[in-house]
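The block underneath contains the structure these notes are about, expressed in structure tokens.
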Amino acid sequence: MVVTGSMNKLHQGAMRVLVQRLLRLSCAVFAAVLGLSVLGAEGVRADNLSQMLYDVYDNNPDIRAEEAGLDVKRASTKKTRSAFMPQIDAFGSHSLTKERLKSGSTTRTRTSQYGVSASQRLFNGFQTRNNLIKSKYEERSSAYQVRNRERQILLEAVKAYMDVYAARRMINLRRQHLSNLEKQRRATLARIRAGELTRTDLSKTEVLLYRAKASLEGALADLGGAAGRYESLVGYKPGELIYPEMPIRYMPKTKEEAANKALRMHPDLRSSRSDIKATEYAVKAAKGAFLPSIDLSGEVSRNFASSQAETTKTERSFSLRLSLPIFDGGARLADVEKAQAEHSQRKYISNALAARIKADAKEQYLRNRAAQATLRQASAEVKAARALLRGIKIEEKAGQRSFLDILDAEVSLLDAQELEIYSKADSVIALYTFLASTGQLTVSGARKAQIQHDPDARAAVAKAEQLARARIQPAKQAGPRKPQDPWSGLR
1 MVVTGSMNKL HQGAMRVLVQ RLLRLSCAVF AAVLGLSVLG AEGVRADNLS
51 QMLYDVYDNN PDIRAEEAGL DVKRASTKKT RSAFMPQIDA FGSHSLTKER
101 LKSGSTTRTR TSQYGVSASQ RLFNGFQTRN NLIKSKYEER SSAYQVRNRE
151 RQILLEAVKA YMDVYAARRM INLRRQHLSN LEKQRRATLA RIRAGELTRT
201 DLSKTEVLLY RAKASLEGAL ADLGGAAGRY ESLVGYKPGE LIYPEMPIRY
251 MPKTKEEAAN KALRMHPDLR SSRSDIKATE YAVKAAKGAF LPSIDLSGEV
301 SRNFASSQAE TTKTERSFSL RLSLPIFDGG ARLADVEKAQ AEHSQRKYIS
351 NALAARIKAD AKEQYLRNRA AQATLRQASA EVKAARALLR GIKIEEKAGQ
401 RSFLDILDAE VSLLDAQELE IYSKADSVIA LYTFLASTGQ LTVSGARKAQ
451 IQHDPDARAA VAKAEQLARA RIQPAKQAGP RKPQDPWSGL R
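Heads up: the sequence shown begins at 1 in the UniProt record's numbering, then just goes up one per residue.
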């Protein structure tokens, strides 16, 4: 009986522990679910720079606005293409006429007509063809403008990311420095009472203490501004940010290679070159207005009339119209001159833009190298400052250094650590600024590599692929044009 009672008590105790554990587990699960719900309501938060850039591309309204402008260009291209198609219309009418004669009798007449008409432009001096190619190049230019805007927004996001990262590191560093100064102030007061230090040492400590408090407030303000810029670009507040890996594999070996890559890949320059082609075909379309036009039209109608007797007849008509412009007061010539002037303007703009992009790529290449060198020197300076502080503390205990020397060494270490934090942020910003200057900073282009391995990514990046691959289909030609071709230069 004693054994049985002990076993019952042991069993009851085990059950009680099991119930408590189940309650704690259910509470933990509920808290986890609640946390996931809150996180889902606030939005997915990126912990690294790469994921943040994808979120910027997906959520930023400025990029969405540029894509909407591209949709406008696509619709314009579709409208221009419709000029190749025939125009078909259906028509119909019905009328009732009531006429009273002098004899007093009344005559009623009903007439009805319905039919179909169609018209097709057979030739208009290649204006429709040239306008369509012009519209396609304008669409291509708009697609490159989307890439260019994406490049600008992504670079701003990188700067905001690193500003938040640096500001948080700076706040932690200055809080730690402030805590050390407060401890030193208390230790200084104790040593003053012991007669080891003077009030001058206390004043020096308090000066550094008040300066550290002001610096901490400035760092908090910097973090608030950087976090606001981050949220405006990404769409959510920054989480725990990780120092990014440096994509150094995209760095060329020389500044000349950097310039050549920028001239080949920069979306703004590629957009400008597309504008040149668009104005080239605009000139051809304007010249086509001097050529004759040929139109084919036809109509089939059925007429019904009833008065004294009912009559029904079917009419068919077809016509081929040739029109040749002779004189319009110089309007067509003015259109050609205007198109040629715009073509020349686009060439000058493109040449100037190419020169600026080339110079900027070289400059950012050198700035990136300088930023990486500055980071290495800053890290070495931190190591040297720490060694200096350790040595001065040892010498101060031996009586070879004063307490003020320790404070000066701590300030030197703080300055070196702050320089290292800023240098880390600047090195990342400098590298991504270089990538942006050469047109390599893109998310829509980087997603192409994922499509082959991730089936779900195909649907997610379909629109990005369309933006990145706006192509122009060249006109088919049977062979080289002969000089005696009367349409040479107009097609």
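Heads up, the beta-carbon is just placed ideally off N, CA and C, and yes, glycines get one too.
Determine whether the beta carbon atoms of Gly69 and His266 lie at a separation below 8 Å.
no
Measure from the alpha carbon of Leu407 to the alpha carbon of each residue in Thr188, Lys287 and Asp335, then state which is nearest.
Thr188
Buried or exposed, going by whether 16 or more other CB atoms sit within 10 Å of the CB of Lys237?
exposed
Own chain partners of Lys79 with C-beta closer than 6 Å, once the 5 adjacent residues on each side are dropped:
none
Since Ala305 is in the beta strand (DSSP E), which residue starts that stretch and which ends it?
Ser293 to Ser306
Among Asp268, Ile153 and Leu414, which residue has its Cα nearest to the Cα of Ala212?
Leu414
Does the CB of Lys136 have a neighbour CB from chain C at under 8 Å?
Looking for chain C here will not work: only one protein chain is present.
Report the rounded CA-to-CA distance for Thr312 versus Val116, giving the unit in angstroms.
17 Å
Nearest-angstrom beta carbon gap, Leu404 and Lys204 [assumed within contact, 8 Å]:
6 Å
Three or more C-beta pairs under 8 Å: does that hold for the stretch 280-297 against the stretch 119-129?
yes
Between the CA atoms of Leu241 and Tyr165 - distance to the nearest angstrom
6 Å
Determine the direct distance from the alpha carbon of Gly330 to that of Leu324, and round the result to whole angstroms.
15 Å
According to DSSP, residues forming a beta bridge with Ser93:
Gln113
Span of the alpha helix (DSSP H), counted from its first residue to its last, around Thr128
Gln127 to Arg193
Could you say if the stretch 134-152 and the stretch 215-229 meet the contact criterion of at least three C-beta pairs nearer than 8 Å?
no
So, helix, strand or coil for Glu99, using DSSP?
strand
What first and last residue would you give for the beta strand (DSSP E) that runs through Thr311?
Glu310 to Ser323
Can you find the residues in the same chain that come closer than 8 Å, C-beta to C-beta, to Arg21, ignoring five residues on each side of it along the sequence?
With a pLDDT of 46 at Arg21, under the threshold of 50, the modelled position of that residue is not reliable, and the figure given next carries that caveat. None.
Residue environment, Lys424, which counts as buried when at least 16 other CB atoms sit within 10 Å
buried
Which two residues bound the contiguous alpha helix (DSSP H) that contains Leu241?
Segment: none, Leu241 is in no alpha helix (DSSP H) and carries neither H nor E.
Proximity winner among Arg185, Glu66 and Ala359, relative to Ile153 (alpha-carbon distances):
Glu66
Residues in its own chain within less than 7 Å of Thr107 by CB, not counting five upstream and five downstream?
Glu99, Leu101 and Ser307
With H, G and I counted as helix, E and B as strand and the rest as coil, what does DSSP make of Phe327?
coil
Might you give, ordered along the chain, the residues of its own chain that have their beta carbon closer than 8 Å to the beta carbon of Met246, omitting 5 neighbours on each side?
Ser427, Val428 and Leu431
In the structure shown, what three-state DSSP assignment does Thr205 receive?
helix
Span separating the alpha-carbon of Thr442 from that of Val56
11 Å
Look up Ile88 in the DSSP assignment and give the residues it is bridged to.
Ala118
Is the stretch 273-282 touching the stretch 137-152, taking contact as three or more C-beta pairs under 8 Å?
yes
Using the Cβ count rule (16 or more neighbours within 10 Å means buried), how would you classify Val382?
buried
Can you tell me whether Thr107 is helix, strand or coil according to DSSP?
strand
According to the neighbour-count rule (16 or more other Cβ atoms, all chains shown, within 10 Å of its Cβ), is Arg151 buried or exposed?
buried
Output needed for Asp295: all residues of its chain with C-beta closer than 6 Å, excluding positions within five of it in sequence on either side, in chain order.
Arg121 and Arg321
Whole-number beta carbon distance between Leu202 and Leu178, since they are thought to touch under 8 Å:
Incorrect: roughly 17 Å between the Cβ atoms, too far for contact.
Cβ atoms of Met52 and Ala167: under 8 Å apart, would you say?
no
Confirm, please, whether the CB-CB distance from Glu231 to Leu209 is below 8 Å.
no
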